[in-house]
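So the sequences go chain by chain: X and F.
Under this note's numbering, the first residue of the first sequence carries the number 1, and numbering increases by one thereafter.
Under this note's numbering, the first residue of the second sequence carries the number 1, and numbering increases by one thereafter.
Take a look at the structure set out below.
2 protein chains.
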Amino acid sequence: MNSIIEVLKEYDIAPSMQRIKILEYLQNYKTHPTADMIYQALADEIPTLSKTTVYNTLKTFSEKGILVALSLFESEIRYEYNTHPHIHFKCIKCNKIYDLDRSFDLYNDDIINGHKITEHHVNLKGICKVCLEKDK
Amino acid sequence: MNSIIEVLKEYDIAPSMQRIKILEYLQNYKTHPTADMIYQALADEIPTLSKTTVYNTLKTFSEKGILVALSLFESEIRYEYNTHPHIHFKCIKCNKIYDLDRSFDLYNDDIINGHKITEHHVNLKGICKVCLEKDK
DNA sequence: ATACATTTTTGTAACAATTACAAATTTGGA
DNA sequence: TCCAAATTTGTAATTGTTACAAAAATGTAT
Chain X
1 MNSIIEVLKE
11 YDIAPSMQRI
21 KILEYLQNYK
31 THPTADMIYQ
41 ALADEIPTLS
51 KTTVYNTLKT
61 FSEKGILVAL
71 SLFESEIRYE
81 YNTHPHIHFK
91 CIKCNKIYDL
101 DRSFDLYNDD
111 IINGHKITEH
121 HVNLKGICKV
131 CLEKDK
Chain F
1 MNSIIEVLKE
11 YDIAPSMQRI
21 KILEYLQNYK
31 THPTADMIYQ
41 ALADEIPTLS
51 KTTVYNTLKT
61 FSEKGILVAL
71 SLFESEIRYE
81 YNTHPHIHFK
91 CIKCNKIYDL
101 DRSFDLYNDD
111 IINGHKITEH
121 HVNLKGICKV
131 CLEKDK
């Protein structure tokens with residue numbers, strides 16, 4: 001019945017009231033909410049809820065792998081000139097961002113599930129060539 | 001010779017000193033800089049430069065299509081629970097974000113140009129099914 | 001059950017990225 | 001040269017996020 005508590009325990013997270021409610025919200029509403037959206041949604045139900053708790057909890061959940069933190073389409077904007085089609089790769093060791101030449105004609109001006117695609121961004125993460133060499 | 005001014009005119013942008021320097025910087029340094037990085041880099045050369053000008057200019061450039069504004073890996077973080085592999089599609093009309101079921105085994109644990117890929121994010125933009133219907 | 005160390009939550013303040021806005025400056029055309 | 005329009009600038013406001021320390025809740029040994 002109380003599967004949420006079981007899920008938390010499974011991920012080695014103590015099942016506090018706040019954590020249960022936040023996880024429950026994310027299970028029920030698959031709207032990719034921001035931390036603030038979650039806070040707003042739960043503020044009525046948990047009047048003492050602090051926004052810091054929401055941030056802390058989401059950080060814990062991400063670290064334990066119970067959910068995924070996504071950087072989607074807004075903010076922390078970076079600019080690049082005159083783009084021939086390519087994709088981005090960020091090294092999680094040295095934080096360098098590489099441009100990789102790969103065409104993705106399969107996306108542009110295509111229809112997927114009835115949606116018309118006009119733009120695509122492919123962002124990869126991993127360990128770059130240079131850092132792989134260093135680790136040897 | 002002064003191809004930067006020509007490029008600006010081509011995109012219907014009056015070639016002011018600030019705009020020339022900012023575009024020049026983006027042409028020369030393909031490091032995906034943030035607005036602040038551009039400001040820091042040019043502050044010495046243009047001592048009166050205002051950060052607002054950098055933001056205004058980048059906005060103008062993006063709107064006119066002279067450069068691309070990217071949301072890469074940080075900030076404006078959104079959360080989602082328990083992710084089976086899928087990609088994200090955002091409708092530029094109604095701003096709704098859809099999950100699309102598509103597997104991208106081709107990326108994960110793959111090596112591209114010598115870099116080891118451990119994580120990937122595919123973000124598409126376009127006009128969704130519902131909005132396409134409305135426009136008919 | 002009690003005491004106590006540990007964990008969790010909370011509120012405030014700090015910080016960083018971005019935008020709003022109005023004044024000052026520069027520009028281009030009559 | 002003059003003037004309206006465009007551009008730049010500085011300040012303040014806003015937003016998302018983090019730092020931090022105090023308060024509250026929890027779990028365990030006794």
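Glycine included, C-beta positions come from ideal geometry on N, C-alpha and C.
Any chain F beta carbon closer than 8 Å to residue i
i              : result
residue 70(X)  : yes
residue 11(X)  : no
residue 129(X) : yes
residue 121(X) : yes
residue 135(X) : no
Supposed contact pair residue j and residue i - C-beta distance, whole angstroms, cut 8 Å
i              : j              : result
residue 159(F) : residue 117(F) : The structure shown has nothing for residue 159(F), since chain F only spans 1 to 136.
residue 39(F)  : residue 49(F)  : 7 Å
residue 127(X) : residue 92(X)  : 6 Å
residue 90(X)  : residue 114(F) : 15 Å between Cβ atoms; not a contact.
residue 64(F)  : residue 13(F)  : 6 Å
residue 15(F)  : residue 26(F)  : Actually they do not touch by this definition, with Cβ atoms about 15 Å apart.
residue 133(X) : residue 125(F) : Not a contact, Cβ separation roughly 36 Å.
residue 58(F)  : residue 35(F)  : 6 Å
residue 121(F) : residue 70(X)  : 7 Å
residue 21(X)  : residue 45(X)  : 7 Å
residue 151(F) : residue 53(F)  : The requested residue 151(F) does not occur in the structure, where chain F is confined to residues 1 to 136.
Amino acids of chain X, ordered along the chain, whose beta-carbon sits closer than 7 Å to that of residue i
i              : result
residue 56(F)  : Residues of chain X passing the Cβ test: none, with the nearest at roughly 13 Å.
residue 100(F) : 112, 113
Beta-bridge pairing of residue i - partner residues as DSSP gives them
i              : result
residue 122(F) : 122(X)
residue 30(F)  : DSSP lists no partner for residue 30(F).
residue 111(F) : 116(F)
residue 127(F) : 116(X)
residue 39(F)  : Looking at the DSSP assignment, residue 39(F) forms no beta bridge with any residue, so it has no partner.
residue 101(F) : Paired residue(s): none; residue 101(F) is not in a bridge.
residue 90(X)  : 97(X), 125(X)
Contact set between residue i and chain F, taken where Cβ atoms lie within less than 7 Å
i             : result
residue 20(X) : Within chain F, no residue comes near residue 20(X); the closest Cβ sits about 13 Å away, beyond 7 Å.
Per-residue contacts from residue i into chain F (C-beta, under 8 Å)
i              : result
residue 132(X) : 114, 115, 116
is_contact[residue i, chain X] using C-beta, thresh 8 Å
i             : result
residue 1(F)  : Residue confidence for residue 1(F) is low, a pLDDT of 43 falling below 50, so the modelled location carries little weight; the figure read from the coordinates is stated next. No - not a single Cβ of chain X is within 8 Å of the one on residue 1(F).
residue 45(F) : no
Per-residue contacts from residue i into chain F (C-beta, under 9 Å)
i              : result
residue 125(X) : 73, 117, 118, 119, 120, 121
beta-carbon residue i near the ligand SAM non-hydrogen atom, thresh 7 Å
i             : result
residue 21(F) : Absence of the ligand SAM from the depicted structure is noted, as is the absence of any ligand whatsoever, leaving it without description.
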